[in-house]
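Numbering (the numbering used here), first residue to last: 6 to 369. Glycine is no exception: its CB is placed at the ideal position from the N, C-alpha and C atoms. Below is one structure, written out as structure tokens, with a few remarks after it.
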Ligand code: SAM
Ligand code: DTB
Ligand code: SF4
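Take a look at the structure:
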């Protein structure tokens, strides 16, 4: 185990990010080996349990109701549907199922109870269960923990400064508050971000300052390359260069030695060689399956061929932390409080989000 540093500064992180590439790779790969087996990569399967129709205005997201994208909305999936998908994911080598809902925040009631049942069901299949449902209160985090949730994903997405250029319907502090609520339980924290949204390198470093100064640091950190979806405010962003992705992965690995760095959205644009460089730089997790939430992802058979070629093995479930116990609904110690997460709204408008919204009105 390495000593984890929690007081990284933006300048220190920028210096790392800008290190000559061969030296950066060597440093990151050396740190990677101290805490992880370099030949093991964790594999997660994403499942969009409730798609589209979201009230937020995240500039990158095809599921925001206010933009006109090709995404077709769906109501909450049934527990049986989720179970069938989880079994499929398990049979193709996934150790984790990550259920995503296009919600701004969790509301207590029938739908949340159904999600809790999904968590219990997947945990009983001996797979790690992750949820990403938007903002949650401490009580909701406790109820998820009791159901057997292993991880909660809630991304900081960018630096605090650039966040304001992408999302107007909630603030950075709202994200930090949800992460804090998850931290009060035994559920692990999964938090990372997106590159390629038009941010500069200082913003990438700023995001890594925010993540690495959390104590404890997140147990997993997804690094997404923006998937620029038609109809979203960020539809015209140029694809992020593989060199930026490699630098971002390596820097994440150096400042957060223990975290599982997940090479997340954007892999369809990457060659095997590019992905191999990312694994060398310290990425040790991927999303598998031909769909992320709504956009394409490489075919699982292609990924398994890549693993074979590189001598990588999928990580077994509960390698990093023991399996949580599932408490059945009637034995629950936590009653629904009907609370809403507190949220701050930075009363401002984002020009390009407004443009995309107006354009959608004319198309709908
Ligand atoms: N609604 C919840 C929330 O926002 O926290 C959970 C689902 S949301 C789709 C999960 C994450 O997916 C976002 O925080 C963002 O980092 C990532 N994401 C969404 N759209 C993306 C895109 N077009 N490209 C890359 N990452 C994206
Ligand atoms: C994360 O960081 N990336 C995943 C997961 N966490 C939920 C989502 C990527 C979504 C990409 C766009 C889409 O498929 O809708
Ligand atoms: Fe909604 Fe999440 Fe998409 Fe934002 S990222 S619009 S909160 S589904």
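* Asked: Going along the chain, which residues of its own chain have a beta-carbon closer than 8 Å to the beta-carbon of residue 13, five neighbours each way excluded?
  -> Taking the chain shown and counting its residues from 1, one reaches residue 13 at position 8. 213, 214, 217, 218, 260, listed in sequence order.
* Secondary structure at residue 157, three-state DSSP: helix, strand or coil? -> Counting from one through the chain shown, the residue named residue 157 turns up at place 152. Residue state, collapsed to three classes: strand.
* Does the beta carbon of residue 170 fall short of 7 Å from some heavy atom of ligand 3? -> Along the chain shown, read from residue 1 onward, the residue named residue 170 stands at position 165. For ligand 3, not one heavy atom lies less than 7 Å from the Cβ of residue 170.
* Backbone secondary structure at residue 112 - three-state DSSP -> Position 107 of the chain shown, counted from the start, is the residue given in the question as residue 112. Here residue 112 sits in coil by DSSP.
* Who are the Cβ neighbours of residue 349 in its own chain at under 8 Å, not counting the five residues just before and after it? -> By 1-based counting over the chain shown, the position of residue 349 is 344. So the list reads 175, 176, 178, 179, once near-sequence residues are dropped.
* Could you tell me which uninterrupted beta strand (DSSP E) segments, each at least 3 residues in length, are contained entirely in the region 116 to 181, listed from first to last along the chain? => 133 to 137, 156 to 158
* Step through the CB atoms of chain C and report whether any lies within less than 8 Å of the CB of residue 99. => Considering every chain present, this structure includes no chain C. It has just one protein chain.
* **Length of the line joining the Cα atoms of residue 352 and residue 341** => Your numbering for residue 352 matches position 347 in the chain shown. Your numbering for residue 341 matches position 336 in the chain shown. So the two alpha carbons sit approximately 30 Å from each other.
* What beta strand (DSSP E) runs, 3 residues minimum, are completely inside the region 215 to 255? -> 225 to 230
* Could you give the C-beta distance for residue 226 and residue 196, rounded to a whole number, given that I count them as a contact under 8 Å? -> Residue numbering aside, residue 226 sits at position 221 when the chain shown is read from its first letter. Residue numbering aside, residue 196 sits at position 191 when the chain shown is read from its first letter. Confirmed, about 7 Å.
* Asked: Cα separation between residue 156 and residue 321?
  -> As a first step, residue 156 must be located in the chain shown, where it is residue number 151. As a first step, residue 321 must be located in the chain shown, where it is residue number 316. In a straight line, the C-alpha of residue 156 is about 16 Å away from that of residue 321.
* Spatial neighbours of residue 6 within its chain, please: CB distance less than 6 Å, with the 5 preceding and 5 following residues excluded, ordered by chain position. => What you label residue 6 is simply residue 1 of the chain shown in a count that begins at 1. Model confidence at residue 6 stands at a pLDDT of 46, short of 50, so the residue's coordinates are unreliable; what they give is reported in the following sentence. Result list for residue 6: empty, nothing under 6 Å.
* Does the separation of the CB atoms of residue 91 and residue 258 fall below 8 Å? -> Within the chain shown, the letter at position 86 stands for residue 91. Within the chain shown, the letter at position 253 stands for residue 258. No. Outside cutoff.
* Going by other Cβ atoms of all chains shown within 10 Å of its Cβ, with 16 needed for buried, is residue 4 buried or exposed? -> As displayed, the chain neither begins before 6 nor continues past 369, which places residue 4 out of reach and without an answer.
* On the three-state DSSP scale, how would you describe residue 213? -> Locating residue 213 in the chain shown gives position 208, counting from the first residue. Residue 213: helix per DSSP, three-state reduction.
* N-terminal and C-terminal residue of the beta strand (DSSP E) that residue 105 is part of -> Your numbering for residue 105 matches position 100 in the chain shown. Run containing residue 105: 101 to 106, per the beta strand (DSSP E) assignment.
* To do: Could you please give the first and the last residue of the uninterrupted alpha helix (DSSP H) stretch that includes residue 364?
  => Within the chain shown, residue 364 is the residue found at index 359, counting from 1. 356 to 368 is the span of the alpha helix (DSSP H), which, as asked, contains residue 364.
* Asked: Quick one: what's got a C-beta closer than 6 Å to residue 94's C-beta in the same chain, skipping five residues either side?
  -> Walking along the chain shown from the start, residue 94 turns up at place 89. 50, 102.
* To do: Name the two residues that bound the continuous beta strand (DSSP E) containing residue 293.
  => Locating residue 293 in the chain shown gives position 288, where the first residue counts as 1. From DSSP, the beta strand (DSSP E) with residue 293 extends over 288 to 293.
* Is it buried or exposed for residue 252, if we count other Cβ within 10 angstroms and need 16 for buried? -> Within the chain shown, the letter at position 247 stands for residue 252. Classification for residue 252: buried.
* Span of the beta strand (DSSP E) around residue 272 -> For the purposes of this step, residue 272 is taken as the residue at position 267 of the chain shown. No beta strand (DSSP E) contains residue 272, which DSSP labels as neither H nor E.
* Asked: Comparing the CB of residue 238 with every heavy atom of ligand 1, is any distance shorter than 7 Å?
  -> Translated into positions along the chain shown, residue 238 becomes position 233. No, since every heavy atom of ligand 1 falls outside the 7 Å radius drawn around the Cβ of residue 238.
* Asked: Going by DSSP, which residues form a beta bridge with residue 79?
  -> Indexing the chain shown from 1 puts residue 79 at position 74. Residue 79 is bridged to 56.
* Specify whether the region 109 to 124 and the region 73 to 93 touch according to this definition: at least 3 beta carbon pairs, one from each stretch, less than 8 Å apart. => yes
* List the DSSP bridge partners of residue 203. => Residue 203 sits at position 198 when you count from the first residue of the chain shown. Beta-bridge pairing links residue 203 to no other residue.
* Ordered along the chain, which non-local residues of its own chain (more than five positions away) have a Cβ less than 7 Å from that of residue 247? -> As a position in the chain shown, residue 247 is number 242, starting the count at 1. Here the set comprises 275, 279.
* Just grab the DSSP bridge partners of residue 12 for me. => Reading the chain shown from its first residue, position 7 is the one you call residue 12. The partner list for residue 12 (beta bridge, DSSP) is empty, contrary to what the question assumes.
* Asked: What is the rounded straight-line gap between the Cα of residue 182 and the Cα of residue 110?
  -> The residue given as residue 182 occupies position 177 in the chain shown. The residue given as residue 110 occupies position 105 in the chain shown. Taking the straight line joining both Cα atoms gives about 12 Å.
* To do: Grab me the residues of residue 358's own chain with a C-beta within less than 7 Å of its C-beta, minus the 5 sequence neighbours each way, in chain order.
  => In the chain shown, residue 358 corresponds to position 353, counting from 1. These residues qualify, in order along the chain: 62, 64, 173, 238.
* Asked: Where residue 24 and residue 331 are concerned, what is the direct C-alpha to C-alpha distance, given to the nearest angstrom?
  -> Reading the chain shown from its first residue, position 19 is the one you call residue 24. Reading the chain shown from its first residue, position 326 is the one you call residue 331. Distance between the alpha carbons of residue 24 and residue 331: 46 Å.
* Asked: Helix, strand or coil: how does DSSP classify residue 198 here?
  -> Locating residue 198 in the chain shown gives position 193, where the first residue counts as 1. DSSP places residue 198 in strand when its eight states are reduced to three.
* To do: Using a threshold of 8 Å, state whether the C-beta atoms of residue 202 and residue 161 are closer than that.
  => Counted from its first residue, the chain shown places residue 202 at position 197. Counted from its first residue, the chain shown places residue 161 at position 156. Not closer than 8 Å, so no.
* Asked: Are there 16 or more other CB atoms within 10 angstroms of the CB of residue 158, so buried, or fewer, so exposed?
  -> By 1-based counting over the chain shown, the position of residue 158 is 153. Classification for residue 158: buried.
* Asked: Tell me which same chain residues have a C-beta within less than 7 Å of the C-beta of residue 273, skipping the five on either side of it?
  -> By 1-based counting over the chain shown, the position of residue 273 is 268. Within the same chain, residue 273 has close Cβ partners 301, 302, 303.
* To do: Can you say whether residue 287 is buried or exposed, counting buried as having 16 or more other CB atoms within 10 angstroms of its CB?
  => For the purposes of this step, residue 287 is identified with residue 282 of the chain shown, where counting begins at 1. Residue 287 comes out buried.
* With a threshold of 16 other CB atoms inside 10 Å of the CB of residue 138, please say whether the residue is buried or exposed. => Taking the first residue of the chain shown as 1, we reach residue 138 at position 133. Buried is the call here.
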